[in-house]
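What follows is a short report on a single structure.
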Amino acid sequence: MRITDTSDLWWKTAVVYCLDVETYMDWNGDGVGDFEGLSHRIDYLADLGVTCVWLMPFYPTPDRDDGYDVVDFYDVDERLGSLGDFVEFVRTAHDRGIRVIADLVVNHTSDQHPWFRSARARKDSPFRDFYIWRSDPPPDTSDEVVYPGEQEGIWEHDEKTGEWFLHRFYKHQPDLNVANPAVRDEVARIMGFWLQLGLSGFRVDAVPFFLEALGMSEKAQREFSDPHAYQRDLRSFLGRRRGDAILLGEVGMPYEDQMAYFGDGEGDELTMQFDFTIAQRLFLSLARQDARPLVEALRSRPSLPREEQWANFVRNHDELSLELLSGEELEEVMDAFAPEERMRVYGRGIVRRLPSMLDGDPRRIRMVYSLMFSLPGTPVLFYGEEIGMGENLDLPDRQSVRTPMQWADGPTGGFSSAKRSKLVAPPVEGGFGPEHVNVQDQRHDPDSLLNFMATLIHRYRESPEIGWGEYEVIDQPYDHVLVHRCSWDESSVIALHNFHAEPCVVPLRLKDENESTRLDDLLQPGSTSLDESGRAEITLDGYGYRWLRVSQEGDLRLG
1 MRITDTSDLW WKTAVVYCLD VETYMDWNGD GVGDFEGLSH RIDYLADLGV TCVWLMPFYP
61 TPDRDDGYDV VDFYDVDERL GSLGDFVEFV RTAHDRGIRV IADLVVNHTS DQHPWFRSAR
121 ARKDSPFRDF YIWRSDPPPD TSDEVVYPGE QEGIWEHDEK TGEWFLHRFY KHQPDLNVAN
181 PAVRDEVARI MGFWLQLGLS GFRVDAVPFF LEALGMSEKA QREFSDPHAY QRDLRSFLGR
241 RRGDAILLGE VGMPYEDQMA YFGDGEGDEL TMQFDFTIAQ RLFLSLARQD ARPLVEALRS
301 RPSLPREEQW ANFVRNHDEL SLELLSGEEL EEVMDAFAPE ERMRVYGRGI VRRLPSMLDG
361 DPRRIRMVYS LMFSLPGTPV LFYGEEIGMG ENLDLPDRQS VRTPMQWADG PTGGFSSAKR
421 SKLVAPPVEG GFGPEHVNVQ DQRHDPDSLL NFMATLIHRY RESPEIGWGE YEVIDQPYDH
481 VLVHRCSWDE SSVIALHNFH AEPCVVPLRL KDENESTRLD DLLQPGSTSL DESGRAEITL
541 DGYGYRWLRV SQEGDLRLG
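Here the sequence shown stands for residues 1 to 559, where the numbers follow the UniProt record's numbering.
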């Protein structure tokens, strides 16, 4: 494959950076982040090496669910700016070579959306069938709620019309009826609108719930008998409007179920999916200081057509969900990283960021991010990860990790000129607060986490083997060490990661390699030669990590 072919599938080697506009940078001093502030931070993101910004919802909202309760899919919330500010931000990002994607939240609307206000006003409303209703009292559905302990069931009684509407999430978020062709047309219009304004795709929220036929009438279920046909239509529409745009899907399921949302090998549904299995097995490995749970996940991970990709992450904007672990494994991770009840949510999630979970140990933190960037797939960062931000456990549930970005020292962390009491959310306090963790200090410290992350990003971008290549887990004698190799276009990179505090020497035996081969270290100076039988010994510090490019004499690739 020629290098020119790789640019068409830009997401294969992208660095995705997720942020919430309202907590990123406040430029007008009202305590709420805005698009103007974000535009002024584009050069920071470009310097870090980010190639794609993922925007959390910025649409008009009552803000009862951090913007995921939308009242207008065609505008910007006035607190964050205007459509003009949005377009200026996208233009500025494109000028720096950064693409922009945004949350597509079409599983539900806010109950304040004009569609739903009309739908609940009378049964003959033209928007009545935009939602899912039932006239008879629902059974007990407490075991079907997405947020255990937050909602009693998934049906809510509407007093004015005397019927119940479906809400898989909060009761103020009625589900849209995607069996209705008018709803499907509206979703396409929403996508087309934002694509026309410069987006390069969407992160699709709650995909399985979006496509399910729960609560629909028998007639609607017959008409919507193949939900995946609708997802294929959306992918086709996306391709017609913008050929290089992507659909990055949230599908928190085991691998065998996730494959259906890719299109079961046809490559005609989601472009990318988050790898929840890898993320959860990673934390089990961290809890045990044993790489084997992660090794098992990597070896069971399905291969994908070249037009599709796994997205790797350590933490995201939601809770760290552990629902794919067994009950015993879940408690093991909870005990290790969320020992207090206030650190847990929904019975299966952790509302902390990585640095605090690892007690601020810089060795383990750096090892984890080295691992994430070396895993086959596309890395996704949540804002503040690059500097090691923590959480504010005084905030409820998932809000604890959605605190203002920490740009500098001071009471508001350089996020805003407003008084601290006026901020959209209180900053982190204590050892992970702005006085200890901020961009301004770290950008001038060559040994900072920020500069380390920039190095990882740049080495990842220089290693297309990771995003494009095939991979294998390499056998070696230590249970607490993961060694894997990514190979593409006659080149390969080997990554080693030690999950234990004890240093070790890892023996490597590379097939089809001999004394003419050397291993060039990508994260520090030096290289290692193989003996005539293709063997070498690699030293790993406690919680150590190495990236090694397999090179031959005369190789033109950078080591």
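Backbone N, C-alpha and C define an ideal beta-carbon position, used for all residues, glycine too.
Return helix, strand or coil for Ala336, following the three-state DSSP convention.
helix
Could I get the ranges of all uninterrupted alpha helix (DSSP H) runs contained in the stretch 254-317, with 4 residues as the minimum, in chain order?
255-262, 276-288 and 292-300
Should Ala229 be labelled buried (16 or more other beta-carbon atoms within 10 Å of its own) or exposed?
exposed
Count the other CB atoms within 10 Å of the CB of Leu358; is the residue buried (16 or more) or exposed (fewer)?
buried
Cβ contact check for the stretch 453-468 and the stretch 375-389: 3 or more pairs under 8 Å
yes
Report all residues from its chain with a CB closer than 8 Å to the CB of Arg292; omit the five preceding and five following residues, and keep chain order.
Ser285 and Asp479
Per DSSP, which one or two residues make a beta bridge with Val345?
Gly349
For Tyr471, name the three-state secondary structure that DSSP assigns.
strand
First and last residue of the uninterrupted alpha helix (DSSP H) at Pro507
Taken as a continuous stretch (DSSP letters only), Pro507 belongs to no alpha helix (DSSP H), being part of the beta strand (DSSP E) at Cys504 to Arg509.
Straight-line gap, Arg363 to Leu320 (C-alpha atoms, nearest Å):
21 Å
Check the DSSP bridge columns for Glu537 and list the partner residues they point to.
Pro507
Please list the terminal residues of the continuous beta strand (DSSP E) segment that includes Ile246.
Ile246 to Gly249
Those residues which DSSP pairs with Leu381 across a bridge
Tyr17
When the distance is taken between beta carbons, is Asn498 closer than 7 Å to Gly534?
no
Starting from the Cα of Met389, find the closest Cα among Leu371, Ser417 and Glu429 and give me that residue.
Glu429
Since residue 560 and Thr277 are thought to touch, with beta carbons under 8 Å apart, how far apart are those beta carbons, to the nearest angstrom?
Since the first residue of the chain shown is 1 and the last is 559, residue 560 is not available in this structure.
DSSP bridge partner residues for Ala495 (one or two, in chain order)
His484 and Trp547
Just verifying my parser: in three-state terms, what is the DSSP assignment at residue 564?
Because residue 564 is not part of the residues shown, which for the chain are 1 to 559, the question remains open.
Continuous alpha helix (DSSP H) assignments of at least 4 residues falling wholly in the stretch 55-133
83-95 and 114-121
Limits of the beta strand (DSSP E) - the one that Gly201 falls within:
Gly201 to Val204
For His317, the nearest candidate out of Asp205, Asp268, Arg128 and Val15 (CA to CA)
Asp205
Buried or exposed for Leu199, please, with buried defined as at least 16 other CB atoms from any protein chain shown within 10 angstroms of its CB.
buried
Using alpha carbons as the reference points, say which of Val32, Arg189 and Arg546 lies closest to Phe373.
Arg546
Compare the beta carbon distance of Arg134 and Trp164 with 7 Å and say whether it is the shorter of the two.
yes
Ser356 to Phe432, Cα distance in whole Å?
8 Å
Three or more C-beta pairs closer than 8 Å, one from the stretch 169-176 and one from the stretch 103-111: is that the case here?
yes
Local conformation of Gln399 per DSSP, three classes:
helix
Please list, in chain order, all residues of the same chain as Ala408 whose beta carbon is under 6 Å from its beta carbon, the five residues on each side excluded.
Gly414, Asn438 and Gln440
In chain order, what residues of the same chain lie with their CB nearer than 6 Å to the CB of Asp541, ignoring the 5 residues before and after it?
Pro503
From Tyr147 to Ser448, what distance separates their C-alpha atoms?
37 Å
Give me the DSSP bridge partner(s) of Gln151.
Pro148
In the DSSP assignment, the alpha helix (DSSP H) including Thr455 goes from what residue to what residue?
Leu449 to Arg461
Thinking C-alpha only, which one of Ala418, Ser491, Ile387 and Asp268 is nearest His444?
Ile387
Using 10 angstroms around the beta-carbon of Gly239, count the other beta-carbons present and answer buried if the total reaches 16, otherwise exposed.
exposed
Where the beta strand (DSSP E) through Leu519 begins and ends:
Thr517 to Asp521
Tell me whether Asp143 sits in a helix, a strand or coil according to DSSP, three-state version.
helix
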